[in-house]
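Shown next as structure tokens:
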């Protein structure tokens with residue numbers, strides 16, 4: 001069982017920082033990363049109640065293999081560039097506070113024993129992709145997919161890096 005986190009394009013070092021911590025170490029990189037919230041600035045103030053923190057105080061991980069996202073877009077006729085992902089063993093869930101954030105806003109405590117990697121994308125995600133495709137847009141790859149939120153930093157030393165183009 002694994003979690004997945006996109007490898008930041010301009011990552012320096014071997015530690016993944018939540019956005020609110022990243023600005024203390026690499027302010028220029030944090031400024032670039034904040035741009036993905038343009039038009040969605042309200043997310044920067046979203047509270048994660050069970051962790052008593054903000055949306056950008058956590059690392060956002062996906063419980064679905066990135067190849068499934070790539071495959072979905074390909075099936076709609078959209079060719080995507082290569083994107084790399086950290087493949088994170090689910091055991092990390094026992095090493096730091098974590099919750100699963102559902103698409104309806106519900107939040108539940110999470111640990112390794114309760115974790116289940118998804119074997120497909122939810123219907124709402126497919127609907128989202130089709131809507132974006134009709135508008136000739138792309139983005140928000142994990143819209144409708146539960147997010148695993150990790151409170152803290154993550155040392156990436158030794159983690160496998162995969163491409164979303166690589167079959168599962």
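Numbering (UniProt numbering), first residue to last: 1 to 168.
We put the beta carbon where it would ideally sit given N, CA and C, even for glycine.
From a predicted model like this one, the values you see are computed outputs, not experimental measurements.
- Message: Could you give the first and the last residue of the continuous beta strand (DSSP E) run that contains residue 179?
- Response: An answer regarding residue 179 cannot be provided, because it is not within the stretch 1 to 168 covered by the chain.
- Query: Can the beta-carbon of residue 31 be found less than 8 Å from the beta-carbon of residue 45?
  - Reply: no
- Item | C-alpha gap between residue 139 and residue 6, whole angstroms | 13 Å
- Return helix, strand or coil for residue 85, following the three-state DSSP convention. strand
- Can you give the Cα-Cα distance for residue 109 and residue 165, rounded to whole angstroms? 31 Å
- What's the call for residue 91, buried or exposed, on a 16-neighbour Cβ count within 10 Å? exposed
- Inter-residue Cα distance where the pair is residue 74 and residue 133: 11 Å
- Do the stretch 15 to 32 and the stretch 144 to 157 make contact, defined as three or more Cβ pairs closer than 8 Å? yes
- Task: Would you list, in sequence order, the uninterrupted alpha helix (DSSP H) runs of no fewer than 4 residues that lie entirely inside the stretch 36 to 78?
- Result: 66 to 75
- Hey, is the stretch 99 to 116 in contact with the stretch 25 to 41, meaning 3+ C-beta pairs nearer than 8 Å? no
- Should residue 136 go down as buried or exposed, given a rule of 16 or more other Cβ atoms within 10 Å for buried? exposed
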